Every structure is written in structure tokens, then in C-alpha cells.
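The structure under discussion appears below in the form of C-alpha cells.
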Amino acid sequence: MLAALRRCPASLPRTLSSAGFGPRVLRSVESAHSAASLRSAISIPNVAVAALHLTARLQQNSTAYATRDQYENYGNERQSSPSAEVHKSAPGGLITTFAELEAQGLVHPNIIRTITQDMGMDTMTEVQARTINEALRGSDIIAQARTGTGKTLAFLLPLLQNIISQDPTLAEPPKGRNRTTMQDIRAIVVSPTRELAEQIAEEARKLVSRTGVIVQVAVGGSHKREMLDKCRRQGIHILVGTPGRLFDLLSDEYSGVEAPKLDCFVMDEADRLLDQGFSQEIAEIRKFLPNIKEKDRQTLMFSATVPNEVVHLVRQTLKPGFHFVKTVKDGEEQTHERVQQKMVRAAGLENMLPALYELCERELQSASSGDILPFKAIVYFNSTAEVTLASAVFKNLRNNNHSRPLNKSRVYEIHAKLTQAQRTAAAEHFRHCKSGILFSSDVTARGMDFPNVTHVIQVGVPRERDTYIHRIGRTARAGKEGQGWLLVSPLDSPEVRRRLRGLPLQHDTSLESALVDMTKEAEIPEKIANILTTVRDAHVAVHPSHKRNMYTAFLGVFGWLSDKQFLIDTLNTLAKHGWGMENPPSISMDAARKNRLHRVQGVNTHEVDDFDVEDLPIRSSYGSGRGGGGGFGGRSGGGFGGRSSGGGGGYRGRSSGGSGSSYRGRGDRSQGERGGYGGGSRGGGSRGGRFEF
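Under this note's numbering, the first residue of the sequence shown carries the number 651, and numbering increases by one thereafter.
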């Protein structure tokens, strides 16, 4: 019975199930109210699509094809007048509760009890209802849904049930000796990141807890031998892993890992797995799987986005008659409607971390009132070096300011250069903490589930629109609300509109530290002067290598910028006014030539790669000055435009070698008040301290 259903979706005629595909893929159309209007509305390839009905509201949009605007023109051929017949779901409508799956005999009671009793879930989300029903029939599926809508359970439940249907003895935990081997793999789940793979494996282990199904995880960065020893002892039914480690295991003839019994192949975050970064590895993995002509298997693909570039690979991966489930309607923003999204334009790169600090302190203070959820934020950067520096700065801020709200929140970091053990520990601690700040690269942007994240803050414009969407999906999950913040610098400005066109970003000017011109003398509120001072001092305390690495990383992040002089001037201003460095970090001559910077003024170069920024003399191309080395066109010998002919250049604008600029913090008249920004501030008996560069 199940085998028959697996060969053809029950809601579709056999002829449509075996129909071919034209080059133009899926189109999303409104459900028609008559056969005539359906026939006139549809002029697309013969693709079998689920027309499913969740509620009266969903009936108007439940027939899912891919939009022509989103998916057309990826092939060389075009189909002139294809047609397809659309069939509604079976009488009685779509099953929307987990208990009903058990009542109708579709899912084993042990699985349903785990979901309803142990995991506390009763009603399916939209993507679950529209995929689980079809996946239980054995259909191939590609599903597009927002992050945080339950996609993991949407593929794990039918995957597990179909394993038990093939081998009913696995419905119960084994009573005697476990005889499962490494050749008993029934399902493989592929994830683009280690963190997501481990999260999926953990969710799968919860789901199989009342059964005899065994879950193993294989990710890079962990010890292969230990993983294989565990698999030999326990066996494998569901193998979750990253592409690199899965290929390593399957291609290693001595590992013992084989999949001759494979029934299901799942790709989570399918758009990432099928793009140029992973598509070759996925193709290599599939070579080690049973020939689909000899051993049929189900393929399930899930993602928040399905870009044009991967659509032809979808066609090559799924069987004819596959179902496309799209819960993001045409013209509807893919970012969650509960996420309030704000954009802050900073005056310079040197304003970015002060603005971030101001935002975190403000939100922590608001949360302390007890009226809202505790502040829990993920801060995304575009490079590992930025994550490392920001994390170090905030740890200094937290440790050195015990009276400030930041002390009440933990600080974590996750990026690719940490060991897998470090990344796993940080993810687990942040997942279970009540209030915290996680500084992260994009390794956590896809599919990761961190409960109760109230804020997603992105520092710098993401490289792609989809990256923005995936990142912001870490908040407003499981029906909760959240906020999204985007901090952009003048370097980002040319790309903001192009990369993020159409997103509901609101311009925000509430962060005062973002708007201060830190290169000029000005009167600013004492609170803001203290923020600038505190963040600058925290940068000074960070090891120079972190600043050097970030400076170099920015050359790659902003490599697209054609005005190299503007780039170097902006980075050098960051180094001086944001990091408190006398001279900007140097880069190697090879790096300067590679980035077309060897003739740009202001670039400091050295001849070797392995060095400490404080140990080598710097060759500056700033321009001449009386003391040698020169400043930004100023008369000082080593400073940044100071008025005298001194040497090293300090932070007092009118002393030898200084910058010639200062801020005055508007504090009160109390004795000893520190209202200034910088070590030279003074407050006793004055209207606040004097902030001088």
C-alpha cells in the first residue's frame, strides 16, 4: 500500500506524476474557482504541485508553483504553451494536528506521543501541514518557508515514520542487543554548517527517543576516529552531517560507512547546498548513494529562499512529479512581519561600535524594568576578524564597567576559526542563557534556533539580500516578536539600496553616538562623550593583532569599492579615532599590490607577513611633515594634523603632534566629573570634561 503511494502522490493522476519538465520551472498562481479559470490562468511546465487547504484564508493561495519572475530564464530552451491540471487535496481537507496523524494511522503512536507530550506541540505550522501530509506519501518535495516556522520537524517526522514503515521493529526501543551496523543508514540529512547539523541531530534524537532508530552526526572539526568508533558500537539509521565530512566518510573505503538501504535524502538550507560553494560536494556525495533506478529514495529540500541560480539543480535532484510548497506568497516580504527593522547610518566606521554599545546598553536598561523579555541579541559581522575584535572589545567593556547594564549580560562569539568544541560550547551557552550577546559570523545565520532572541543586529551591509533575510530570521521565532537593526557606514552607502531594495527598513536616528563626527571639535552630551571614551579605551586594551586583522579584513570586505583612496582614508580614520592608534596598521607589500593599494596615499606597508604591528618600523605615504613621517597633511611630525612640530602625536588636539580637534562633554558642574572623551579629559569645576584627540 505504502509502496503504491510512494510511486504516485495520492492527490495527482498517474499521468501527471510522470510528466516531464520544461526549462521554465514553477509558477505561483491564485487558486481559481472554476476549471475554466484554472485552465486559462496556467500556462506553465507540467509540474505536479500540491494544492492544499489549511483554512479558508489559505485556500486562496494554497496552489503552489514557482513564480515566473523568480525562476524563469534559467534554461536555454523555452516551452511555448505547457499546461498542467491542478487537483485538490483529498476530501476532508488537510491534517493540521499531530494527534490526527495518529488517529488516521499515518504516524506511529510513539512518534506522536514524543511530539505532543515530550515536546509540547499539538498543532502544525503551515509549512509542516503542507509538507508532512505529502512527504508521508513518499513524494519528493521542495519547500520554501520563512525561518523559525518548524521546517526541521517538517522533514524529520515523515523521514522517521517512513523508516519505521519499512522496518516496524524500529518502532520500539530494542530490548536485547543492538544489532544495527554502519551499513543500516536509512536517511541522510545534509546541512551547510556544523552548528545547524548538530542542532538537527539533537532535534532528531528527541524525536526518536521512544523508538529504536539511531541518530549520528558527522561534522568537520570533530575527531573522525571517535565518531567512527561510536558508530561501530551503536550503528546508524539517520546520519546528519556537513557536506565535507559526509563525503569524507562515504569516499573512505576504510571507514565502513555505507548507505545501500538509503530511503531518504534531505537537504536543509538547500539554496546554500546547491550554490557554487557546495554543489560539487553534493554531486560527489550522490555518487556514493544507491542508483535511484535500482533503489528508489525520497528527496526533501527545505530553505527560506530559492534563488534563480539553483533552480536547474533542483530539477536535476528531484524526481518528476515533485511537490513545491511555498508558504511565502508572491509579493510578500520573506522577512518575518513581526520583526521591526531599523537602519542607522553612522558618520564613520569609528562610530559603529560606539553605536552598537549605546544600543545594547539602552535595550538592557529597558529590559531591566521587567516589562519585556530579557535582552538577548545576535550581532552579525561580515568577517571573522570583525567578530573577534568586537567580542574582545565588549568583553573589556563588560569587565571594566561593573556598574553598567552590560555587566548583567554574557558575551559569546562564534566563527569559523574557533574549534568545533568552542563553537558548540558557545552555541549551547547562548541557547540556554537568559540574557546575552552573541557576536557571530554567518555560521549561525541559517536554520539555527536560539530561543528568545529579541534582537538581531547587523553591522555593515550583508553581501547579499538572502544573507540579510537568513540572519534576521534568528529572531521572532515560535510566535514571538523581535527587532532587527542594521548599522551602516559611509563605505556601505553605495550598496545599501542595491542589495536590500524593497526591504521594510526604517531610518533611525536615536543612537546619538552614531552621528558624532569624531574628527572635529564639538559640544556633545556627557553621556555620549562617555560612551565614545569608554569604547575607545576598550579598543586600546585589545591586542594590536586583532586590529591589524580587522584592518586587513576590511580591504576584502570593501574590495568592490572603486575609490581606494576613500577606503584607506576611512580605515585610517577608524584606526586613529576609533582604536586610539598613533599609526594605522600596516599591510604587506604583496597585499597592497593585490588590492591595488600600492600607489594609494596613507597605506602603511611592510616587507614580511609574520610580524607584530608594534615591532616593525612603518613606512608611511601620508606626505611630508617637519618631524618626518607626516600626518594627514598637517604640520606635526607624527600625529594627525596637529599645529606644532612635535613627535609621536597625542590625544590633545593642541599639544605636540595632536589632531587639532576636541570634544567637550556637557556634564554638570560637580567636582571631578568625567565628561570628556579620551585620557586628557578634565571635569573638576568645569561644565564637564574636555574630549581631545
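Beta carbons: idealized from backbone N, C-alpha and C, even for Gly.
As the structure is a computational prediction, the values presented were derived from the model and not from experiment.
Residue span of the beta strand (DSSP E) that contains residue i, given as start and end
| i | result |
| --- | --- |
| Thr-949 | 948-953 |
| Pro-940 | From DSSP, Pro-940 is part of no beta strand (DSSP E); its letter is neither H nor E. |
| Ile-792 | 791-794 |
| Leu-1023 | Note, Leu-1023: premise wrong, no beta strand (DSSP E); not H, not E. |
| His-1105 | 1105-1109 |
| Val-839 | 837-840 |
| Ile-1407 | Shown here, the chain extends from 651 to 1343; a query on residue 1407 therefore has no answer. |
| Phe-915 | 914-918 |
Candidates the options: closest to residue i by CA position
| i | options | result |
| --- | --- | --- |
| Met-1168 | Ile-1122, Gln-866, Leu-1224 | Leu-1224 |
| Leu-1047 | Thr-1184, Arg-883, Val-840 | Thr-1184 |
| Arg-836 | Arg-1060, Thr-1074, Asp-817 | Asp-817 |
| Ala-1066 | Gly-788, Glu-845, Leu-751 | Glu-845 |
| Arg-965 | Asp-790, Asp-1187, Pro-1235 | Asp-790 |
| Ala-1077 | Phe-1100, Ala-1179, Lys-1045 | Phe-1100 |
| Pro-759 | Leu-857, Gln-849, Ala-795 | Leu-857 |
| Ile-1064 | Ala-785, Pro-1112, Arg-1081 | Arg-1081 |
| Glu-944 | Gly-971, Asp-913, Ser-1238, Asn-958 | Asp-913 |
| Ala-1017 | His-973, His-1105, Thr-746 | His-1105 |
| Tyr-1201 | Thr-831, Ile-1087, Gln-866, Ala-1040 | Ala-1040 |
| Gly-800 | Gly-1020, Asn-783, Met-774 | Met-774 |
| His-973 | Arg-827, Ile-792, Phe-1031, Pro-1235 | Ile-792 |
| Arg-882 | Phe-915, Val-869, Leu-924, Gln-833 | Gln-833 |
| Ala-1191 | Phe-1031, Gly-1230, Leu-1211, Ser-1160 | Gly-1230 |
| Asn-1001 | His-1227, Asp-1219, Ala-1241, Ala-749 | His-1227 |
| Thr-802 | Leu-1153, Met-1098, Arg-1149 | Met-1098 |
| Leu-1150 | Ala-1164, Val-1166, Glu-1114 | Glu-1114 |
| Gly-1206 | Ala-1241, Asp-1158, Pro-1235 | Ala-1241 |
| Gln-754 | Asn-783, Asp-921, Thr-977 | Asn-783 |
Backbone CA spacing between residue i and residue j [nearest angstrom]
| i | j | result |
| --- | --- | --- |
| Pro-1144 | Asp-1213 | 11 angstroms |
| Asp-1260 | Pro-1194 | With a pLDDT of 47 at Asp-1260, under the threshold of 50, the predicted position of this residue should be treated as unreliable, though the coordinate-derived value follows. Rounded to whole angstroms, Asp-1260 to Pro-1194 spans 13 angstroms at the Cα level. |
| Leu-968 | Glu-919 | 15 angstroms |
| Ser-841 | Lys-911 | 21 angstroms |
| Gly-1287 | Asn-1057 | Confidence is the limiting factor: at Gly-1287 the pLDDT is only 36, short of 50, which leaves the residue's position unreliable, though a coordinate-based value still follows. The alpha-carbon atoms of Gly-1287 and Asn-1057 are separated by roughly 41 angstroms. |
| Glu-1011 | Thr-764 | 41 angstroms |
| Ala-685 | Val-956 | Any reading at Ala-685 must be qualified, since the residue scores a pLDDT of 36, below 50, and its modelled position is unreliable; the value itself is stated next. In a straight line, the C-alpha of Ala-685 is about 29 angstroms away from that of Val-956. |
| Arg-796 | Met-951 | 14 angstroms |
| Asn-1199 | Thr-1034 | 9 angstroms |
| Leu-809 | Leu-939 | 17 angstroms |
| Val-1029 | Ala-821 | 42 angstroms |
| Pro-1112 | Tyr-1118 | 6 angstroms |
| Pro-970 | Ala-785 | 15 angstroms |
| Gln-990 | Gly-1134 | 6 angstroms |
| Thr-843 | Thr-1094 | 8 angstroms |
| Gly-1020 | Lys-1026 | 14 angstroms |
| Thr-766 | Ala-749 | 8 angstroms |
| Gly-1152 | Gly-826 | 59 angstroms |
Test: residue i CB closer than 8 angstroms to a CB of chain D
| i | result |
| --- | --- |
| Trp-1210 | No chain D appears in the structure shown, which is made up of a single protein chain. |
Those residues which DSSP pairs with residue i across a bridge
| i | result |
| --- | --- |
| Tyr-1062 | Leu-1088 |
| Phe-974 | Ile-792 |
| Pro-893 | Paired residues: none, contrary to the question. |
| Pro-1144 | DSSP lists no partner for Pro-1144. |
| Gly-798 | Looking at the DSSP assignment, Gly-798 forms no beta bridge with any residue, so it has no partner. |
| Lys-992 | Trp-1135, Gln-1156 |
| Gln-866 | Leu-889 |
| Phe-647 | Any answer about residue 647 is impossible in this case: the structure gives the chain only from 651 up to 1343. |
| Val-1029 | Phe-1089, Ile-1107 |
| His-1256 | Ser-1238 |
| Thr-1183 | The partner list for Thr-1183 (beta bridge, DSSP) is empty, contrary to what the question assumes. |
| Thr-773 | Thr-747 |
Where the alpha helix (DSSP H) through residue i begins and ends
| i | result |
| --- | --- |
| Ala-753 | 748-753 |
| Glu-848 | 844-857 |
| Phe-1080 | 1070-1082 |
| Leu-963 | 961-967 |
| Thr-1220 | 1214-1223 |
| Phe-1100 | Neither: Phe-1100 is in no alpha helix (DSSP H) and is coded neither H nor E. |
| Glu-1008 | 1002-1017 |
| Ile-1347 | The displayed coordinates of the chain run from 651 to 1343. Any statement about residue 1347 would go beyond what the structure contains. |
| Thr-1202 | 1194-1207 |
Three or more C-beta pairs closer than 8 angstroms, one from the segment 994-1003 and one from the segment 805-823: is that the case here?
no
Report yes or no: do the segment 890-898 and the segment 867-874 share at least 3 C-beta pairs separated by less than 8 angstroms?
yes
Between the segment 1084-1103 and the segment 1117-1132, do at least 3 Cβ pairs fall closer than 8 angstroms?
yes
Three or more C-beta pairs below 8 angstroms linking the segment 851-866 and the segment 745-761:
yes
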